[in-house]
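Read through the structure below, which is laid out as structure tokens, and then see the notes.
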Amino acid sequence: MEWFAGIGRHSLGKLAAIGRALFVLTGALVAKPSLKHVPLTIKQIYVVGVQSLAIIIVSGAFIGMVLALQAYTVLVDYGAEESLGPMVALSLLRELGPVVTALLFAGRAGSALTAEIGLMKATEQLTSLEMMAVDPLRRIIAPRLWAGIISMPLLALIFSAIGILGGQAVGVDWLGVDAGSYWSVMQAAVDFDDDVMNGVIKSVVFAFVVTWIAVFKGYDSIPTSEGISQATTQTVVYASLAVLGLDFILTALMFGTH
Amino acid sequence: MMNSRKVEILVGLFVVLALASLAMLAMKVANQGISGNGETYELKAKFDNIGGLKVRSPVKVGGVVVGRVGAIDLDAKDFTPVVTLVISENYKGFPETSSVSILTSGLLGEQYLGLQPGFSFEGIDTLKAGDFIEDTKSALVLEDLIGQFLFSRNND
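Those protein sequences? They're chains A and B, same order as listed.
Each residue of the first sequence is one higher than the one before, starting from 61 at the first, in the working numbering.
Each residue of the second sequence is one higher than the one before, starting from 315 at the first, in the working numbering.
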């Protein structure tokens, strides 16, 4: 009997957590937009977006370079090294750009968001805001959520562009693929709507999920030092798993039929 | 803590960098697509076999891309493939005697439509939107070719 009770307690706990997560989301997003919160959002875009630029640019460059190097060794056997351009561009635009950006973003910005909000809760700043009749969901959570949703697609675009340039550095300048065919075969293979825009859509979905998990885990954390450390870990783990799972579903929907 | 002016400038630079990336991806990485810019008109052609031709495959005249394949359907009456060619309005007035053939770029490459303009002299109309190109050559199917080769060898 105790065993069934355990399962029941666990499921009810999960359901309640989903309910609280939806409550946080609606509380933060469903509201009359107010100009007062725009500067707060810009400040958060600086924190989660601009400060993540360095890691995004460096990883983008290296991933593009490694892709070109690995693809070249296989393609050159078939005399198809002209296909290096589409190989690098399509992998980056469709998969690696959105996914790796989301994983890095979860680690770099998501964990910081959770820790920040968790500490605000632990030091009772959120409660003080409520005492002053300021809704912490609107004042603290909403700007961070919007900043994440705006920043991540921009970061993913930068990631892909830098990666393609990195691929060119290795493929063209080092391995000697013809520069003209690197770009022209790429242009023939990459479609703006199908490849670039689908990558952006993926990235928007990931941004939404990762930032939502991050702010919710912070808002819902147990207000102790142990609770905050646990919430930060959970943010990175859950966000990464959600991104990888969603990526499969989105890829199947977008590119699965052809 | 940084003052808000500096934050705003840095966020502005971040957004501009992202838009520059998007512009680069749109202009340099993705194809603009001939149907995307400017006016187009449609021509149609019937083939016996289209091989590996796909929607959006290029239509070339002497190697110059003048349009793309807009649609591929099957004629309801005689069950032959009908290919719709979307041609840029910049290239019009092909004579009625023009022919289209399905060609392959390279030995194993992508298939495309080669449009061969015919002679134009008195009494020959030019192709207008919606016209059918009568003279078509189907795709070469490698298996058929090998089959014919083996058959002709057996006859020797």
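All residues carry an ideal CB built from backbone N, CA and C; glycine is no exception.
Taking 9 Å as the CB-CB limit, is residue i close to chain A?
i	result
residue 321 of chain B	yes
residue 370 of chain B	yes
residue 385 of chain B	no
residue 374 of chain B	no
residue 456 of chain B	no
residue 332 of chain B	yes
residue 342 of chain B	yes
residue 361 of chain B	no
residue 327 of chain B	yes
residue 318 of chain B	yes
As a quick exercise: from the options, pick the residue whose alpha carbon is nearest that of residue i.
i	options	result
residue 153 of chain A	A:134, A:181, A:129 and A:120	A:120
residue 317 of chain B	A:106, A:129, A:260 and A:218	A:106
residue 362 of chain B	B:370, B:387 and B:322	B:387
residue 356 of chain B	B:455, B:442 and B:460	B:442
residue 296 of chain A	A:102, A:156, A:235 and A:275	A:275
residue 365 of chain B	B:329, B:342 and B:454	B:454
residue 376 of chain B	B:428, B:396 and B:467	B:428
residue 445 of chain B	B:380, B:336, B:399 and B:338	B:399
residue 359 of chain B	B:378, B:450, B:338 and B:469	B:450
residue 202 of chain A	A:214, A:100, A:72 and A:307	A:100
residue 181 of chain A	A:162, A:148 and A:279	A:279
residue 438 of chain B	B:412, B:401, B:374 and B:380	B:412
residue 88 of chain A	A:310, A:264 and A:207	A:207
residue 410 of chain B	B:432, B:458, B:466 and B:342	B:432
residue 381 of chain B	B:396, B:354, B:401 and B:391	B:401
Check whether chain B comes within 9 Å of residue i, counting only Cβ atoms and requiring the distance to be less than that.
i	result
residue 90 of chain A	no
residue 313 of chain A	no
residue 316 of chain A	no
residue 99 of chain A	yes
residue 110 of chain A	yes
residue 103 of chain A	yes
residue 72 of chain A	no
residue 340 of chain A	Examination of residue 340 of chain A is not possible in this model, given that chain A is present from 61 through 318 alone.
residue 106 of chain A	yes
residue 306 of chain A	no
Can you name the start and end residues of the alpha helix (DSSP H) that residue i belongs to?
i	result
residue 153 of chain A	Per DSSP, residue 153 of chain A belongs to no alpha helix (DSSP H) and is neither H nor E.
residue 298 of chain A	285 to 315
residue 119 of chain A	113 to 135
residue 399 of chain B	Note, residue 399 of chain B: premise wrong, no alpha helix (DSSP H); beta strand (DSSP E) at 395 to 402.
residue 218 of chain A	202 to 228
residue 74 of chain A	62 to 89
So is the beta-carbon of residue i under 8 Å away from any non-hydrogen atom of the ligand MN?
i	result
residue 245 of chain A	Because no ligand of any kind appears in the structure shown, any question about the ligand MN cannot be addressed here.
What is the residue span of the beta strand (DSSP E) that residue i lies within?
i	result
residue 429 of chain B	425 to 430
residue 414 of chain B	413 to 418
residue 458 of chain B	Premise fails: residue 458 of chain B lies in the alpha helix (DSSP H), 456 to 469, not in any beta strand (DSSP E).
task: Closer than 7 Å, Cβ to Cβ, to anything on chain B: give me those residues from the segment 246 to 272 of chain A, in chain order.
output: Within the segment 246 to 272 of chain A, the qualifying residues are 246, 247, 248, 250, 251, 252, 255 and 256.
task: Output the residue ranges of the beta strand (DSSP E) runs that lie fully inside the segment 323 to 377 of chain B and measure 3 residues or longer, sorted by chain position.
output: 354 to 360 and 372 to 375
task: Give the residues from the segment 210 to 225 of chain A that approach chain B closer than 7 Å (Cβ to any Cβ), ordered along the chain.
output: 214, 217, 218, 220, 221 and 224
field: Residues from the segment 392 to 418 of chain B in contact with chain A, defined by Cβ distance under 8 Å
entry: Residues: none.
task: Select from the segment 133 to 156 of chain A all residues with a C-beta closer than 8 Å to any C-beta belonging to chain B, and list them in chain order.
output: Answer in chain order: 149 and 153.
Residues within the segment 171 to 185 of chain A neighbouring chain B, beta-carbon criterion of under 8 Å: none
- prompt: Taking Cβ-Cβ distances below 8 Å as the criterion, which residues of the segment 232 to 243 of chain A are in contact with chain B?
  reply: 243
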